[in-house]
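Contents: one structure, followed by commentary.
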Amino acid sequence: MSALRKFRRKVFSGPVDPRMVFSRFKEVLESNTRALEIITDMGEKLGGEYIFDIVYVKKSYDELYAAIDEAIKKFNQLTHGRYDVEGVFRGIDGIIRKSIYQEDYLPAKTVLFFDEIGWEAARDAGAKNCRLAELKNSPGLNVPNGFAATSRAYDDYIRHNGIEKKIRQLAASDDRERLSAEIRDAILNGGFPGPLSSDFDRAVSRLKELAGENGFVAVRSSAEEEDGDISFAGQFATVLNVPLEAEKMKAAYKKVIASLFSDPAVSYQLQFGYTPGRMRMPVGFVLMVDAAASGVLYTADPASGEEKIVVNSSWGLGSPVVEGRVGPDVFVLNKGPVSLLESRPGGKEFMLVPVKEGGVEEAPTPAELKGQLSLNVSGLLELAGISLAIEGIYRRPQDIEWALGKDGKFHVLQSRPLRISIEKTRPSEAGIENPVLMKDRGFVVQQGVAAGRVFLLKNENELDRVPKGAILVAKHDSPAFVRVMTGISAIITETGAPASHMASLCREFRLPTVVNAGDATKKLEHGREVTLAAADGGYAIYDGIARELLAEARRGSPGVEGLYEFRKKRYIMRFISMLNLVNPLTDEFTPEKCRTMHDILRFMHEKSVQELIESSRRAGGGFALKKLEMAVPAGIQVVDIGGGLSPETGETAHLDDIESVPFRAILEGMLYPGAWQEAAVGLHARDFLSSMMRMEDITSGGAAYAEKNIAVISREYVNLSLRFGYHFNLVDSFCTERAASNHIYFRFVGGATDISKRSRRIRLIEAVLREYGFVSSAKGDLIVARISNIAKEEALRVLDRAGRLIAFTRQLDAVLERDDQVEEFKRRFLENNFRIG
Amino acid sequence: MSARIMIIDDEKIVGDMARISLEQEGYEVETFLNAAPALDRLREQGFDIVVTDLKMKGIDGLEVLRTVKSLYPGVKVIMITAFANLDVAIEALRGDVFDFFPKPVKIKELKESIKKALQN
Numbered sequence: 001m002s003a004l005r006k007f008r009r010k011v012f013s014g015p016v017d018p019r020m021v022f023s024r025f026k027e028v029l030e031s032n033t034r035a036l037e038i039i040t041d042m043g044e045k046l047g048g049e050y051i052f053d054i055v056y057v058k059k060s061y062d063e064l065y066a067a068i069d070e071a072i073k074k075f076n077q078l079t080h081g082r083y084d085v086e087g088v089f090r091g092i093d094g095i096i097r098k099s100i101y102q103e104d105y106l107p108a109k110t111v112l113f114f115d116e117i118g119w120e121a122a123r124d125a126g127a128k129n130c131r132l133a134e135l136k137n138s139p140g141l142n143v144p145n146g147f148a149a150t151s152r153a154y155d156d157y158i159r160h161n162g163i164e165k166k167i168r169q170l171a172a173s174d175d176r177e178r179l180s181a182e183i184r185d186a187i188l189n190g191g192f193p194g195p196l197s198s199d200f201d202r203a204v205s206r207l208k209e210l211a212g213e214n215g216f217v218a219v220r221s222s223a224e225e226e227d228g229d230i231s232f233a234g235q236f237a238t239v240l241n242v243p244l245e246a247e248k249m250k251a252a253y254k255k256v257i258a259s260l261f262s263d264p265a266v267s268y269q270l271q272f273g274y275t276p277g278r279m280r281m282p283v284g285f286v287l288m289v290d291a292a293a294s295g296v297l298y299t300a301d302p303a304s305g306e307e308k309i310v311v312n313s314s315w316g317l318g319s320p321v322v323e324g325r326v327g328p329d330v331f332v333l334n335k336g337p338v339s340l341l342e343s344r345p346g347g348k349e350f351m352l353v354p355v356k357e358g359g360v361e362e363a364p365t366p367a368e369l370k371g372q373l374s375l376n377v378s379g380l381l382e383l384a385g386i387s388l389a390i391e392g393i394y395r396r397p398q399d400i401e402w403a404l405g406k407d408g409k410f411h412v413l414q415s416r417p418l419r420i421s422i423e424k425t426r427p428s429e430a431g432i433e434n435p436v437l438m439k440d441r442g443f444v445v446q447q448g449v450a451a452g453r454v455f456l457l458k459n460e461n462e463l464d465r466v467p468k469g470a471i472l473v474a475k476h477d478s479p480a481f482v483r484v485m486t487g488i489s490a491i492i493t494e495t496g497a498p499a500s501h502m503a504s505l506c507r508e509f510r511l512p513t514v515v516n517a518g519d520a521t522k523k524l525e526h527g528r529e530v531t532l533a534a535a536d537g538g539y540a541i542y543d544g545i546a547r548e549l550l551a552e553a554r555r556g557s558p559g560v561e562g563l564y565e566f567r568k569k570r571y572i573m574r575f576i577s578m579l580n581l582v583n584p585l586t587d588e589f590t591p592e593k594c595r596t597m598h599d600i601l602r603f604m605h606e607k608s609v610q611e612l613i614e615s616s617r618r619a620g621g622g623f624a625l626k627k628l629e630m631a632v633p634a635g636i637q638v639v640d641i642g643g644g645l646s647p648e649t650g651e652t653a654h655l656d657d658i659e660s661v662p663f664r665a666i667l668e669g670m671l672y673p674g675a676w677q678e679a680a681v682g683l684h685a686r687d688f689l690s691s692m693m694r695m696e697d698i699t700s701g702g703a704a705y706a707e708k709n710i711a712v713i714s715r716e717y718v719n720l721s722l723r724f725g726y727h728f729n730l731v732d733s734f735c736t737e738r739a740a741s742n743h744i745y746f747r748f749v750g751g752a753t754d755i756s757k758r759s760r761r762i763r764l765i766e767a768v769l770r771e772y773g774f775v776s777s778a779k780g781d782l783i784v785a786r787i788s789n790i791a792k793e794e795a796l797r798v799l800d801r802a803g804r805l806i807a808f809t810r811q812l813d814a815v816l817e818r819d820d821q822v823e824e825f826k827r828r829f830l831e832n833n834f835r836i837g
Numbered sequence: 838m839s840a841r842i843m844i845i846d847d848e849k850i851v852g853d854m855a856r857i858s859l860e861q862e863g864y865e866v867e868t869f870l871n872a873a874p875a876l877d878r879l880r881e882q883g884f885d886i887v888v889t890d891l892k893m894k895g896i897d898g899l900e901v902l903r904t905v906k907s908l909y910p911g912v913k914v915i916m917i918t919a920f921a922n923l924d925v926a927i928e929a930l931r932g933d934v935f936d937f938f939p940k941p942v943k944i945k946e947l948k949e950s951i952k953k954a955l956q957n
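Residue numbers (our numbering), protein chains in the order written: chain A, 1 to 837; chain B, 838 to 957.
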């Protein structure tokens, strides 16, 4: 053995003192907890319900930085610096500080395709592109493909042509019109820097691959704030039907960015408190839809806020409708159930049509089309359905641009929040006739009104099945819900705390959420339509859809959220509280994948748990082992690393001596009447042979595996590794009053029987664990399952069931002859029927 | 006629957030980044309530309080500050301040305090 290998062995796999590891583990958790509390506080204070100042933002962020920095130090000690969390941390910190201290920020890339644009790219790609990309990436919607030239592309272009000085002078200039004209000129006559030009050419080629040679694009502005709450609608240029050729697209690009400096756009910026020239303009290149008809749709009546769908539609391309230059057909539809209430034919005086060589032209509408409605009823109903799906994503009435392609398909070209021009009133309970199903028990994490069908989630593995618009009801809160947060209407959980991972995400997404709501999974049955009205300090869940409440809540101005400065400050939360690392059982769970502070905390928590499990598994050598006498022959020996055993424990330990809370729960489960399988189960010769062949495999872990059945315990911790015959079973749990710190990890591998029987046992174990909310990954005869963020009481119940499962499945593989027995034994187990004969 | 509220804070975002929130309640709101022009404005236009930051460059919140109270004893003053300092709070209260909020201020509480001040 080389010196290096010897050294490695010593550091990584030699016996470590589990007491030290455990105390470091607790230190990491402590700093993690502190950091999460700060994140929660920031999410709350920057959430729109508080007036804050920059002092608060700076002070809180400094505290957060210190807490995470501390956590990383402890984490590096615990893991011997094996993970480069530090580098990722510095990177994210840089972005956040730039935001707080208003330093310039530019993305690394000049071009982003829609499939590369995520929530974090709003500033890079512009709000409009970001929304379009989000729609494009939502299943079930037809959105044309395209790419964004980012704020960096803009900056590179401006700098390359030396225009930045003039732009800086704009704010203070006393001849703004002349200066703006000079800037526009310089932009239109400028050249592309080499790297930007080649990035562009590559993007055009890729879009050609996606669209075919004869594609055309619309080149549209997507300024940072456009389509946000302050609408720049119509302020900037759009160039329609540009051939998919790099040179023509570059020319269109110049026209669009020059429009940032048009006289009306400059005065508009001044009027809304922007410094002209401070804004950078990302631009979208979106494939054109060959439209038979197009127009706009509002998912609420923009005048009254009433819950109705209003569609304006005309023949050809949509901009004359958007700009109000033709009299469109107007349709009004009822929202639920969707039905047509009213059609008013419009003049449709002319239509905008694409020209073959590029560009568009206005043509008189042919007489036969003029007299005909541009949408039929079935089309309207289909379009209405699409619009409601989009409204479901944003949970706010939407203003949607759409096109009906000559292919007969509807395409979504844009969606933005609808401005409704009437005063906001708080949703009041008076006059609501729907019966109340639940009220006020628990914590309101995010206020709001939401209606939809209940989806009762038993297990995180079912998340993919949660439909859009559903109200997610679950036993536990989980950060994994982030995967569906943009699609669902609300979350209600039985356990959970306002400071959990999930809660901070719900605030981030403005998703109405109630946690710790008692017996929600019993009161709210799967598939039932309900309305949640959550306000400051209380909530009510009504049976059915309470339309009055929805309508009331949707009215009104965005309030402080409409303020530019507010959103700019809030923006940092995207790099603090969002969570991308969700499933620790996948390969994606690496430091490189951390994009937010929350990700880093989550990563460290999970890896610390792994470290603890590993060190406990290697414990034994050099520690005082105490034999545990119990009513079943489990042959367990105990290592107490702090408060796990009563001080009065004698030579051997008994059940009464166990003061480790999680260990005791497991033992009680193992001792549950009937669970322990005593009867010898006959092995077939085939199984026996199989076990002989597998000896090598199982023991090849050598010293890494404990030779005995060992429980490493403290008052709030257990690591129980069991070796029964030919399988290993490991349960590791940290169980305290604080749900966010708790975890249960369950691992089972091997067996003496042939692989088909062994894998049936694994499937059975997986099915049972999923009933208790575990997330799992199984392969062959190995299963790894985990559950975290679980309240103590629930954790103890689950540990007890895990104990029963250990006892029950010990020899069960031998009788699992057929696949259908898996379901049968699962049922028996859940009914406490442990007969295996 | 709706009540008139003046907000003085040297940080723009504070005044803007307060203005938007209070306008939603139907109040007439004016915001100032400095106390001097705010006090000038007070001489030409009556206000029912003045919400002021405590620590500001130039004329600070306590001076605003004294001036307002000596000129217009009926005007209620609500103090907000980033520094939750109890001593200052006590002095402020002795100086006839109607209410006192450490920042960040919960908008709902500010609204309730203003409502109470107007009923008083």
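For every residue, glycine included, the Cβ atom is placed at its ideal position computed from N, Cα and C.
Problem set entry | Buried or exposed (CB count within 10 angstroms, at least 16 for buried), M281 (chain A) | buried
Exercise. On the three-state DSSP scale, how would you describe P855 (chain A)?
Worked result: Residue 855 (chain A) lies beyond the range of chain A shown here (1 to 837); nothing can be said about it.
Exercise. Thinking C-beta only, is G385 (chain A) closer than 8 angstroms to L404 (chain A)?
Worked result: no
Problem set entry | CB contact check: L958 (chain B) to chain A, cutoff 8 angstroms | This structure leaves residue 958 (chain B) out entirely; chain B is present only between 838 and 957.
Exercise. Shortest alpha-carbon distance to K627 (chain A) belongs to which of A:P364, A:V638 and A:I613?
Worked result: A:V638
Problem set entry | the region 642–654 of chain A in contact with the region 112–129 of chain A per 3-pair CB rule at 8 angstroms | no
For this session: Determine the contact status of E848 (chain B) and I54 (chain A), defining contact as a CB-CB distance below 8 angstroms.
Result: yes
Exercise. Would the region 167–186 of chain A and the region 196–203 of chain A be scored as touching if the rule is three or more Cβ pairs under 8 angstroms?
Worked result: no
Exercise. Using Cβ-Cβ distances below 7 angstroms, what residues of the region 519–542 of chain A are close to chain B?
Worked result: D536
Exercise. Are the beta-carbon atoms belonging to D819 (chain A) and R760 (chain A) less than 8 angstroms from one another?
Worked result: yes
Problem set entry | Beta-carbon neighbours of E37 (chain A), restricted to chain B and to distances below 8 angstroms | Those within 8 angstroms of E37 (chain A) in chain B number zero; the least Cβ separation is about 16 angstroms.
Exercise. What is the C-beta distance between A291 (chain A) and G316 (chain A), in whole angstroms, given that I count them as a contact (C-beta under 8 angstroms)?
Worked result: 6 angstroms
For this session: Count the other C-beta atoms from every protein chain shown that fall within 10 angstroms of the C-beta of Y717 (chain A), then say buried if there are 16 or more, exposed otherwise.
Result: buried
For this session: Count the other CB atoms, across all protein chains shown, that sit within 10 Å of the CB of A873 (chain B); report buried if there are 16 or more and exposed otherwise.
Result: exposed
Exercise. D53 (chain A) versus chain B: which residues are under 7 angstroms apart at the beta carbon?
Worked result: E848, I850, V851, A919 and K940
For this session: Would you mind stating whether V111 (chain A) and T150 (chain A) have Cβ atoms separated by less than 8 angstroms?
Result: yes
Exercise. Do we get a CB-CB distance below 8 angstroms when we pair V560 (chain A) with the residues of chain B?
Worked result: yes
For this session: Return the chain-ordered list of same chain residues with a C-beta closer than 8 angstroms to the C-beta of S577 (chain A), the five sequence neighbours on each side being excluded.
Result: I39, M42, G43, S504, L505, R507, E508, T596, M597 and H598
Problem set entry | Beta-ladder partner(s) of K745 (chain A), from DSSP | The sequence given here places Tyr at residue 745 (chain A); Lys does not occur at that position. Per DSSP, A:D732 and A:R786.
Exercise. Does the separation of the CB atoms of L413 (chain A) and E401 (chain A) fall below 8 angstroms?
Worked result: yes
Exercise. With which residues is P417 (chain A) paired in a DSSP beta bridge?
Worked result: A:Q398
Exercise. Run through DSSP, which three-state label would D84 (chain A) get?
Worked result: coil
Problem set entry | chain A residues whose Cβ lies nearer than 7 angstroms to that of M854 (chain B) | I51, V560, L563 and F566
Exercise. Which full runs of the beta strand (DSSP E) of 3+ residues lie inside the region 520–591 of chain A, going along the chain?
Worked result: 529–535 and 538–543
Problem set entry | the region 151–166 of chain A: positions lying closer than 7 angstroms to chain B by Cβ | none
For this session: Please confirm whether G146 (chain A) and F285 (chain A) have their CB atoms less than 8 angstroms apart.
Result: yes
Problem set entry | Limits of the alpha helix (DSSP H) - the one that F216 (chain A) falls within | Counting along the chain, F216 (chain A) falls outside any alpha helix (DSSP H), though it belongs to the beta strand (DSSP E) covering F216 to S221.
For this session: Determine the extent of the alpha helix (DSSP H) in which R761 (chain A) is found, giving its start and end residues.
Result: I755 to E771
Exercise. Is A237 (chain A) near S221 (chain A), with beta carbons less than 8 angstroms apart?
Worked result: yes
For this session: List the endpoints of the continuous beta strand (DSSP E) containing Y864 (chain B).
Result: Unbroken run through Y864 (chain B): none, as it is neither H nor E.
For this session: Tell me whether the beta-carbon of R763 (chain A) lies closer than 8 angstroms to the beta-carbon of V712 (chain A).
Result: no
Exercise. Relative to chain A, which residues along the region 857–868 of chain B have a C-beta separation below 7 angstroms, given in chain order?
Worked result: I857, S858 and Q861
Exercise. Counting pairs of beta carbons, one from the region 896–905 of chain B and one from the region 862–880 of chain B, are three or more of them closer than 8 angstroms?
Worked result: yes
Exercise. Are the beta-carbon atoms of A546 (chain A) and A451 (chain A) separated by less than 8 angstroms?
Worked result: yes
For this session: Take H605 (chain A) as the anchor and find which of A:A740, A:A258 and A:R483 has the nearest alpha-carbon.
Result: A:A740
Exercise. Going by other Cβ atoms of all chains shown within 10 Å of its Cβ, with 16 needed for buried, is Q848 (chain A) buried or exposed?
Worked result: Missing from the structure shown is residue 848 (chain A); chain A here goes from 1 to 837 and no further.
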